[in-house]
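Chains as they are written, first to last, in my numbering: chain A, -13 to 109; chain B, 766 to 1094. In this text, a Cβ means the ideal position worked out from N, Cα and C, and glycines have one as well. Okay, structure first, notes after.
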Amino acid sequence: MVRLITHNLLACHAKDCNTNNFPLEFKDVQLEIREADFNPDFLKGFMPKIEWKALVDTARQLGDTSLPLEQPEMLDDEFLKNLHHVLLEIHVEEGSMTCPNCKHVYPISNGIPNMLLAEHEIG
Amino acid sequence: MSLSLSFTGHHDPQPLPLTLHSALFTLHSLSSVLALLVCAAIVLVLVLVLVARYYGDAEAKKYTSNTRNQQIQADMTYRALELLNLPPGQPAFLLDIGCGSGLSGEILDEEGYLWAGVDVAPSMLEVALEREVEGDLFLQDIGQGFGFRPGSFDGAISISVIQWLLNAETSHPTSSPPHRLQRFFTTLHSSLRSPSRAVLQFYPSSDEQVQMIAGVARKAGFGGGVVVDYPNSRRARKVFLCLFVGGGGGGGSGSGQGGGKGEEELPKGLEGEEEESARVRFERRRERERAKAKGGKRKAVKDRDWILKKKEEDEDEDEDERGRGRGRW
Ligand SMILES: C[S@@+](CC[C@H](N)C(=O)[O-])C[C@H]1O[C@@H](n2cnc3c(N)ncnc32)[C@H](O)[C@@H]1O
Ligand SMILES: [Zn+2]
């Protein structure tokens, strides 16, 4: 059940991998769409935490082009509904995430990313 | 709580020495002894893997379906939420550290929080999936640290987990308990918003352990400290690390006088023998704060009607002896 809300917070945590380690790149994904309760207050509160470019790029890569390239100043209902869908309703069920820097691959199975590191990768 | 002890999957290889002894008596050729040794080793490994897997899955199910256990975990989760002291009526994104099968996360769902959970046991996460908890789940060893960006979470809870960080996993330096604790607390600290809190209930086996863990947390930058509920009751005694980032200021009343910029005061532990239901206390406080903050502007995170409706359903189910009765069990 990895969704873009957590993907957008997640950087690589392998040893000495500190720059250019975000966002992890999805590969060979299987998606599932599941409806979630729409909560505009939550979304507005969450906006400052979002890395906008990473979110838009990743959403587009997964086939959703509803978000504008620039984070809008006016948060109208249509925008919030699109944001809601992108952050909370697209579930990546299978596939993997690759670190753009060290190329570590985090496999995703059953919706659960495997974040375990090998001994030599622990910081 | 003894149940929590069953997740390491240590199983002593009792039968092996016997098999080997009889083998040594009956076989004379060195090579067949060697061959037998290898076979025995392979069989043993297979058996251990199977047992561990069966045990893992069976234990995960047992742990999760035990009503008494559900109630204990739920109570501690409500108490942790109380100590988190989140601003009332404001949505929050939380981290559940060692979320297991979702007993703690399910309370977060009910209270309308969004959350992500991490756990190192695949069998526990599988049960969480079956139970359809709403948080995003990660297979992760917290002793290896987190990779979440700075300020990702508005708070973190951990129920009955971090005592596990005191066991060394292998002889490698990165798996020594001090190293794992330091990695855990440092990366947790940076993944929390400032100001915010992390509340971690755990089962220490001595006061020295508590002091050691609190010391590592402090070095990692946390304020706050240790809160002990019912310190004199053998049964009800509970230890919480109540850690502050950036003063730990929440919006709630209830605990701490601080307000403003300074460091919040450490909440007091509960006293006496009486165990009021943590859920009742938490929700009463929330109602009070909602009433105080009324004016229509503040809305509950989930649709309030939905929560109320769900409560009613729950109350209906409470008629049977299940105590907490939350539909999905
Ligand atoms: C007693 S259970 C508690 C689960 C859940 N918080 C609850 O209240 O039901 C302890 C959990 O800690 C997890 N755990 C132990 N060591 C861990 C580690 N190093 N990293 C992540 N999880 C760990 C176990 O897999 C288990 O699911
Ligand atoms: Zn990396």
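Close Cβ partners of residue i (< 8 Å) along its chain, the five nearest in sequence each way excluded
{"i": "residue 98 of chain A", "result": "-13 and -12"}
{"i": "residue 894 of chain B", "result": "902"}
{"i": "residue 1010 of chain B", "result": "954, 957, 958, 959, 960, 961, 962, 963, 986, 987 and 988"}
{"i": "residue 904 of chain B", "result": "883, 884, 885, 887 and 890"}
{"i": "residue 972 of chain B", "result": "none"}
{"i": "residue 105 of chain A", "result": "none"}
{"i": "residue 60 of chain A", "result": "none"}
{"i": "residue 969 of chain B", "result": "928, 975, 978 and 1004"}
Own chain residues within Cβ distance below 7 Å of residue i, not counting five before or after
{"i": "residue 1047 of chain B", "result": "843, 846 and 847"}
{"i": "residue 921 of chain B", "result": "859, 860, 862, 953, 957 and 963"}
{"i": "residue 93 of chain A", "result": "82 and 100"}
{"i": "residue 948 of chain B", "result": "908, 909 and 910"}
{"i": "residue 992 of chain B", "result": "848, 1005, 1007, 1031, 1032 and 1034"}
{"i": "residue 872 of chain B", "result": "839, 842 and 843"}
{"i": "residue 869 of chain B", "result": "838, 842, 861, 922 and 924"}
{"i": "residue 65 of chain A", "result": "58"}
{"i": "residue 898 of chain B", "result": "867, 870, 871 and 874"}
{"i": "residue -10 of chain A", "result": "41, 44, 45, 72, 73 and 76"}
Neighbourhood of residue i by C-beta distance below 6 Å, restricted to the same chain and skipping five residues each side
{"i": "residue 889 of chain B", "result": "825, 865 and 866"}
{"i": "residue 35 of chain A", "result": "none"}
{"i": "residue 917 of chain B", "result": "956"}
{"i": "residue 1028 of chain B", "result": "988 and 1012"}
{"i": "residue 155 of chain A", "result": "Nothing can be reported for residue 155 of chain A: it is not among the residues displayed for chain A, which extend from -13 to 109."}
C-alpha gap between residue i and residue j, whole angstroms
{"i": "residue 961 of chain B", "j": "residue 901 of chain B", "result": "21 Å"}
{"i": "residue 822 of chain B", "j": "residue 911 of chain B", "result": "26 Å"}
{"i": "residue 62 of chain A", "j": "residue 30 of chain A", "result": "11 Å"}
{"i": "residue 55 of chain A", "j": "residue 33 of chain A", "result": "14 Å"}
{"i": "residue 940 of chain B", "j": "residue 91 of chain A", "result": "22 Å"}
{"i": "residue 96 of chain A", "j": "residue -3 of chain A", "result": "21 Å"}
{"i": "residue 988 of chain B", "j": "residue 51 of chain A", "result": "43 Å"}
{"i": "residue 69 of chain A", "j": "residue 882 of chain B", "result": "22 Å"}
{"i": "residue 73 of chain A", "j": "residue 25 of chain A", "result": "12 Å"}
{"i": "residue 876 of chain B", "j": "residue 27 of chain A", "result": "15 Å"}
{"i": "residue 49 of chain A", "j": "residue 38 of chain A", "result": "17 Å"}
{"i": "residue 994 of chain B", "j": "residue 841 of chain B", "result": "10 Å"}
{"i": "residue 22 of chain A", "j": "residue 107 of chain A", "result": "36 Å"}
{"i": "residue 854 of chain B", "j": "residue 1014 of chain B", "result": "16 Å"}
{"i": "residue 1043 of chain B", "j": "residue 1049 of chain B", "result": "10 Å"}
{"i": "residue 982 of chain B", "j": "residue 927 of chain B", "result": "12 Å"}
{"i": "residue 966 of chain B", "j": "residue 19 of chain A", "result": "35 Å"}
{"i": "residue 906 of chain B", "j": "residue 102 of chain A", "result": "6 Å"}
{"i": "residue 950 of chain B", "j": "residue 980 of chain B", "result": "10 Å"}
{"i": "residue 1068 of chain B", "j": "residue 1051 of chain B", "result": "Because residue 1068 of chain B sits at a pLDDT of 43, beneath the cut-off of 50, its placement in the model cannot be relied upon, and the following sentence gives the value as read from the coordinates. Cα to Cα, the separation comes out at about 15 Å."}
{"i": "residue 13 of chain A", "j": "residue 78 of chain A", "result": "10 Å"}
{"i": "residue 937 of chain B", "j": "residue 944 of chain B", "result": "10 Å"}
{"i": "residue 15 of chain A", "j": "residue -5 of chain A", "result": "19 Å"}
{"i": "residue 1101 of chain B", "j": "residue 1037 of chain B", "result": "Any property of residue 1101 of chain B remains undetermined from this structure, which presents chain B solely from 766 to 1094."}
{"i": "residue 1003 of chain B", "j": "residue 913 of chain B", "result": "29 Å"}
{"i": "residue 932 of chain B", "j": "residue 1001 of chain B", "result": "25 Å"}
{"i": "residue 828 of chain B", "j": "residue 834 of chain B", "result": "7 Å"}
{"i": "residue 88 of chain A", "j": "residue 7 of chain A", "result": "8 Å"}
{"i": "residue 915 of chain B", "j": "residue 836 of chain B", "result": "34 Å"}
{"i": "residue 990 of chain B", "j": "residue 974 of chain B", "result": "14 Å"}
{"i": "residue 1057 of chain B", "j": "residue 851 of chain B", "result": "15 Å"}
{"i": "residue 53 of chain A", "j": "residue 67 of chain A", "result": "10 Å"}
{"i": "residue 878 of chain B", "j": "residue 896 of chain B", "result": "17 Å"}
Contact list for the region 20 to 46 of chain A against chain B, Cβ threshold 7 Å:
Within the region 20 to 46 of chain A, the qualifying residues are 23, 25, 27, 28, 31, 32 and 35.
To test your reading of the DSSP string, which unbroken beta strand (DSSP E) runs of 3 or more residues are found completely within the region 867 to 951 of chain B?
Segments of the beta strand (DSSP E) lying fully in the region 867 to 951 of chain B: 879 to 884, 901 to 904 and 920 to 924.
For a minimum of 3 consecutive residues, which ranges assigned as the beta strand (DSSP E) are wholly contained in the region 7 to 74 of chain A?
Segments of the beta strand (DSSP E) lying fully in the region 7 to 74 of chain A: 11 to 19.
Give me the subset of the region 86 to 107 of chain A whose CB atoms are less than 8 Å from a CB atom of chain B, sorted by chain position.
Against chain B - using a Cβ distance shorter than 8 Å - the residues of the region 86 to 107 of chain A are 96, 97, 98, 99, 100, 101, 102, 103 and 105.
Positions along the region 930 to 950 of chain B whose CB lies within less than 8 Å of some CB in chain A
Legend: CB atoms of the region 930 to 950 of chain B lying less than 8 Å from CB atoms of chain A belong to residues 935, 937, 939, 940 and 948.
Give the residues whose C-beta lies closer than 6 Å to at least one heavy atom of ligand 2, in chain order.
With 6 Å as the limit, the residues whose C-beta approaches a heavy atom of ligand 2 more closely than that are A:-2, A:0, A:3, A:7, A:85, A:87, A:88 and A:90, in chain order.
Looking at chain A, which residues of the region 886 to 917 of chain B have a Cβ within less than 7 Å of any of its Cβ atoms?
Flagged, chain order: 890, 894, 901, 902, 903, 904, 905, 906, 909, 910, 911, 912, 913, 914, 916 and 917.
Interface residues of the region 860 to 882 of chain B facing chain A [CB-CB below 7 Å]
Taking 7 Å as the Cβ-Cβ cut-off against chain A, the residues of the region 860 to 882 of chain B that qualify are 879 and 881.
Going along the region 831 to 865 of chain B in order, which residues come within less than 7 Å of chain A, judged by CB to CB distance?
Per Cβ criterion, the list reads 855, 856 and 858.
Beta strand (DSSP E) runs contained entirely in the region 970 to 1020 of chain B, provided each spans 3 or more residues:
List check, beta strand (DSSP E) in window: 988 to 994 and 1003 to 1010.
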